[in-house]
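Novice:
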Amino acid sequence: MNYTETTEWLFQQLPMFQSKGATAYKADLKGIHLLCNHLNSPQKYFKSIHIAGTNGKGSTSSMLASIFQEAGFKVGLYTSPHLKDYRERIKINGKKIGKDYVTNFVAENKEFFEQYKPSFFEMTTALAFDYFAHEKVDVAIIEAGLGGRLDSTNHIDPLLAIITNIGMDHKQYLGDTLAQIAYEKAGIIKSRIPVVIGEYTSETKPVFEQRAEEKLAELHYAQDKHFPHYDSDLKGNYQEKNIRTVLTAISILQKYFTIAKQDIVNGLKHVVHNTGLQGRWQELHKKPLVVCDVAHNVDGLRYVIDQIKEQTYKKLHIVLGFVKDKDLNEILPLFPVDAHYYFVCPNIERGLDAEELKLEANKIGLKGEKFNSVAEGYEKALALANEKDMIFVGGSTFVVAEIL
80 MNYTETTEWL FQQLPMFQSK GATAYKADLK GIHLLCNHLN SPQKYFKSIH IAGTNGKGST
140 SSMLASIFQE AGFKVGLYTS PHLKDYRERI KINGKKIGKD YVTNFVAENK EFFEQYKPSF
200 FEMTTALAFD YFAHEKVDVA IIEAGLGGRL DSTNHIDPLL AIITNIGMDH KQYLGDTLAQ
260 IAYEKAGIIK SRIPVVIGEY TSETKPVFEQ RAEEKLAELH YAQDKHFPHY DSDLKGNYQE
320 KNIRTVLTAI SILQKYFTIA KQDIVNGLKH VVHNTGLQGR WQELHKKPLV VCDVAHNVDG
380 LRYVIDQIKE QTYKKLHIVL GFVKDKDLNE ILPLFPVDAH YYFVCPNIER GLDAEELKLE
440 ANKIGLKGEK FNSVAEGYEK ALALANEKDM IFVGGSTFVV AEIL
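For the sequence shown, position 227 (counting from the first letter as 1) is numbered 306 according to this note's numbering, and the numbering increases by one without interruption.
In structure tokens, the structure reads:
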């Protein structure tokens with residue numbers, strides 16, 4: 080099989096949570112244990128940093144990777160989901176894994192996959208571990224997919240664990256209280272491994288403290304720390320919290336790695352260039368101002384909408400789409416009534432029907448039209464907006480992916 084055939088086989092044979100949802104979610108670590116044993120435990124051959132949390136995982140992971148790159152290290156970066164190309168998930172120093180490596184990995188292990196039927200995410204995690212070990216990275220930044228305790232990435236023994244924050248998302252898998260969700264994320268806290276907590280609340284802090292006490296793990300709360308200001312090419316206001324989390328992490332990791340202050344300065348300034356990160360308050364056009372953001376839950380969208388309100392524009396156009404498992408009763412009231420909406424459905428199985436979204440939005444006064452595709456809605460917004468207007472595209476990673 081060539082690369083295209085290989086990825087098509089992967090998407091068809093292995094259930095992929097991002098497109099299918101619940102039928103692809105496996106709440107145990109048996110699959111990744113089997114896979115890694117089959118591959119001779121590649122995760123044991125590189126140093127790692129493990130990152131979980133409801134929001135900010137991708138930005139935090141990419142900032143850390145960028146700083147390590149600026150300090151001269153060979154850095155593996157494993158993130159999800161991808162926007163355009165499957166290989167975005169697995170990078171070394173910003174360069175995507177080679178097509179040949181993916182093709183050969185699947186060909187060599189296809190019989191095993193067919194016999195044991197791992198999930199798409201289990202297979203991809205194992206591929207990342209195998210690649211990072213083969214390429215002898217100095218350190219790998221590993222972002223959890225969903226939760227933490229039972230996530231496939233939780234098969235590593237990292238130098239440091241990071242939990243960015245806890246919010247209400249994926250409630251059907253992780254629980255419907257902040258404490259329950261915190262318990263799942265806190266599952267990445269391991270024996271005597273230091274932990275950075277980006278943000279905590281009165282509900283989540285006791286959960287972290289109990290798990291850390293059980294594991295004799297040292298807790299560091301980033302939100303209680305003060306650092307000088309650093310500029311970043313990631314322009315969302317919410318990035319200030321992620322930067323504080325990253326700086327707290329670096330202060331601990333300097334025990335293992337030599338990282339100068341200038342490496343931090345350069346790393347934070349060049350995150351997009353060094354890692355290829357997209358979809359975080361990303362400006363696509365100036366006149367009209369066009370911004371996209373992959374925020375897709377209440378907490379993430381609240382920050383983004385607050386930043387939209389800070390912008391200067393004559394008229395606001397919002398191209399909006401979601402996946403089916405989002406609580407529209409919580410999310411839609413965040414959006415401004417004085418905008419014109421272009422309701423769309425991302426082109427995946429989990430995509431929420433645009434007509435259904437429009438009907439729910441209309442109930443609370445959000446007015447606009449529905450479109451047959453994301454591209455059609457976006458093109459209409461571009462056609463109607465003048466130079467002094469603003470267009471925002473979001474609601475789902477998959478909506479953003481279709482316009483990039």
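A virtual CB, placed ideally from N, CA and C, is assigned to each residue, including glycine.
In whole angstroms, give me the CA-to-CA distance for H299 and K446.
Specialist: When rounded, the distance between both Cα atoms is 45 angstroms.
Novice: On the DSSP bridge list, what partners appear for F422?
Specialist: According to DSSP, F422 bridges with L399, K449.
Novice: Go through its chain and collect everything with a Cβ distance to S270's Cβ below 6 angstroms, but skip five positions before and after it.
Specialist: Counting only Cβ-Cβ distances below 6 angstroms, and skipping sequence neighbours, we find K294.
Novice: Tell me, which residues are paired with C115 by DSSP?
Specialist: Answer by DSSP bridge pairing: none, since C115 is not bridged.
Novice: Quick one: is E84 buried, meaning 16 or more other Cβ sit within 10 Å of its Cβ, or exposed?
Specialist: Exposed, because fewer than 16 other Cβ atoms sit within 10 Å of the Cβ of E84.
Novice: Given a threshold of 16 other Cβ atoms within 10 Å of its Cβ, counted over all protein chains shown, does S262 qualify as buried or as exposed?
Specialist: Here residue 262 is Tyr; the residue named in the question, Ser, does not match the sequence. Y262 should be labelled buried.
Novice: Under a Cβ-count criterion, where at least 16 other Cβ atoms within 10 Å of its own Cβ denotes burial, should N49 be classed as buried or exposed?
Specialist: The structure shown does not extend to residue 49, since the chain is modelled only from 80 through 483, so no value can be given for it.
Novice: Within 10 angstroms of the Cβ of E193, are there 16 or more other Cβ atoms? Answer buried if so, exposed if not.
Specialist: E193 comes out exposed.
Novice: Is DSSP giving P218 helix, strand or coil here?
Specialist: Pro is not the amino acid found at residue 218; the sequence shown has Val there. In the structure shown, V218 sits in a strand (DSSP, three-state: E or B).
Novice: State yes or no: is the C-beta of L356 within less than 7 angstroms of the C-beta of S127?
Specialist: No. Outside cutoff.
Novice: Considering only their Cβ atoms, is the gap separating C371 from V479 smaller than 7 angstroms?
Specialist: Yes, these two residues count as a Cβ contact at 7 angstroms.
Novice: Label S138 either buried or exposed according to how many other C-beta atoms from any shown protein chain fall within 10 Å of its C-beta, with 16 as the threshold for buried.
Specialist: So S138 ends up on the buried side.
Novice: Which of helix, strand or coil does DSSP assign to F208?
Specialist: F208 falls in the helix class under three-state DSSP.
Novice: State the Cα-Cα distance for the pair Y82 and Q91, rounded to the nearest angstrom.
Specialist: So the alpha carbons of these two residues sit roughly 14 angstroms apart.
Novice: Take the Cβ of N316 as the centre, count every other Cβ of all protein chains shown within 10 Å, and call the residue buried at 16 or more, exposed below.
Specialist: Label assigned to N316: exposed.
Novice: Would you call the stretch 386-396 and the stretch 410-426 touching, i.e. three or more CB-CB distances under 8 angstroms?
Specialist: In short, these stretches touch, since the Cβ pair count reaches three.
Novice: Out of L239, T133, M80, point me to the one whose CA is closest to A186's CA.
Specialist: Of L239, T133, M80, the residue nearest in Cα terms is M80.
Novice: Around the Cβ of P197, are there at least 16 other Cβ atoms within 10 angstroms (buried) or fewer (exposed)?
Specialist: So P197 ends up on the buried side.
Novice: What is the rounded straight-line gap between the Cα of A103 and the Cα of F199?
Specialist: The predicted model places A103 with a pLDDT of 43, which falls under 50 and marks its position as unreliable; any figure quoted below should be read in that light. Approximately 8 angstroms between the Cα atoms of the pair.
Novice: I'd like to check one pair, I242 with K264: are the Cβ atoms closer than 7 angstroms?
Specialist: Going by C-beta atoms, K264 is nearer than 7 angstroms to I242.
Novice: Is it right to say G346 is buried, meaning 16 or more other beta carbons lie within 10 angstroms of its own, or is it exposed?
Specialist: Counting Cβ neighbours within 10 Å, G346 comes out buried, since at least 16 surround it.
Novice: Buried or exposed: which applies to E481, given that a residue is buried once 16 or more other Cβ atoms fall within 10 Å of its Cβ?
Specialist: Buried, because 16 or more other Cβ atoms sit within 10 Å of the Cβ of E481.
Novice: Taking just the CA atoms, how far does R166 sit from I338?
Specialist: Cα-Cα distance, rounded: 28 angstroms.
Novice: Ignoring anything shorter than 4 residues or poking outside the stretch 333-416, list the alpha helix (DSSP H) runs there in chain order.
Specialist: 340-348, 350-354, 377-389, 407-410, all fully within the stretch 333-416.
Novice: On the CB-based measure, 16 or more other CB atoms within 10 Å of its CB, does K437 come out buried or exposed?
Specialist: The residue is buried, with at least 16 neighbouring Cβ atoms inside 10 Å.
Novice: Tell me the rounded alpha-carbon separation between N451 and A433.
Specialist: Looking at the two C-alpha atoms, the distance is approximately 8 angstroms.
Novice: Do you know how far the Cα of E389 is from the Cα of R168?
Specialist: Spanning the two alpha carbons is a distance of roughly 32 angstroms.
Novice: Are the Cβ atoms of F191 and H112 separated by less than 7 angstroms?
Specialist: No.
Novice: Apply the 10 Å Cβ neighbour rule to K136 and answer buried if 16 or more other Cβ atoms are within range, or exposed otherwise.
Specialist: It counts as buried.
Novice: Tell me M80's beta-bridge partners as DSSP assigns them.
Specialist: None; M80 has no bridge partner.
Novice: Check the DSSP bridge columns for H299 and list the partner residues they point to.
Specialist: DSSP, once it has assigned bridges, lists V275 as partnering H299.
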